[in-house]
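*Asks:* Numbering (mature numbering (1 follows the signal peptide of the UniProt record, and there is no 0)), first residue to last: -20 to -1, 1 to 84. One structure is given below, represented as structure tokens, and several questions about it will come after.
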């Protein structure tokens, strides 16, 4: 009886490990190019998404005096990312992320 219980446990652990290996987080993988096509994890990928100009610097929120800057609230950033994902978006263009605020 002990043998079958430990065998069942081993098989269950192996099945969980295989299932976990299939659950690849695509956010950690690079988009690659072959000829004129883009691929993500071997599947063709297309850039579909909005321009969220305020993603890093936001003039629509109260000015943060100590840093001399206006950052968007984290909840607003999370909300727009969830909306884009729900609408089938695969990327977000956020051109202000490269802006230098002069802060370390």
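No residue lacks a Cβ here, since even glycine has one placed at the ideal position from N, Cα and C.
1) Which term fits residue 52, buried or exposed, when burial requires 16 or more other beta carbons within 10 angstroms of its beta carbon?
2) Within 10 angstroms of its Cβ, does residue 41 collect 16 or more other Cβ (buried), or is it exposed?
3) DSSP three-state call for residue 57: helix, strand or coil?
4) For residue 12, which residues does DSSP report across the bridge?
5) Tell me which same chain residues have a C-beta within less than 8 Å of the C-beta of residue 44, skipping the five on either side of it?
6) Who are the Cβ neighbours of residue 27 in its own chain at under 7 Å, not counting the five residues just before and after it?
7) Is residue 39 helix, strand or coil when you go by DSSP?
8) Starting from the C-beta of residue 20, find all residues in its chain whose C-beta is less than 7 Å away, skip the five residues before and the five after it, and write them out in chain order.
9) When the Cα of residue 59 is compared with those of 22, 17, 25, 34, which residue comes out closest?
*Replies:* For this structure:
1) Start at 1 with the first residue of the chain shown, and residue 52 comes out as number 72. Flag for residue 52 reads buried.
2) The residue labelled residue 41 in the question sits at position 61 within the chain shown. So residue 41 counts as exposed.
3) Mapped onto the chain shown, residue 57 falls at position 77. DSSP places residue 57 in helix when its eight states are reduced to three.
4) Your numbering for residue 12 matches position 32 in the chain shown. For residue 12, which the question treats as bridged, DSSP gives the partners 19.
5) Within the chain shown, numbered from 1, the residue matching residue 44 stands at position 64. Residues 50, 51 of the same chain have their beta carbon placed closer than 8 Å to that of residue 44, with the five preceding and five following residues left out of the count.
6) Residue mapping note: residue 27 aligns to position 47 of the chain shown, counting from 1. The residues are 70, 71.
7) Counting from one through the chain shown, the residue named residue 39 turns up at place 59. Residue 39: coil per DSSP, three-state reduction.
8) For this step, residue 20 is matched to residue 40 along the chain shown. Result list for residue 20: 6, 9, 11, in chain order.
9) If you number the chain shown from 1, residue 59 lands on position 79. Answer by Cα proximity: 34.
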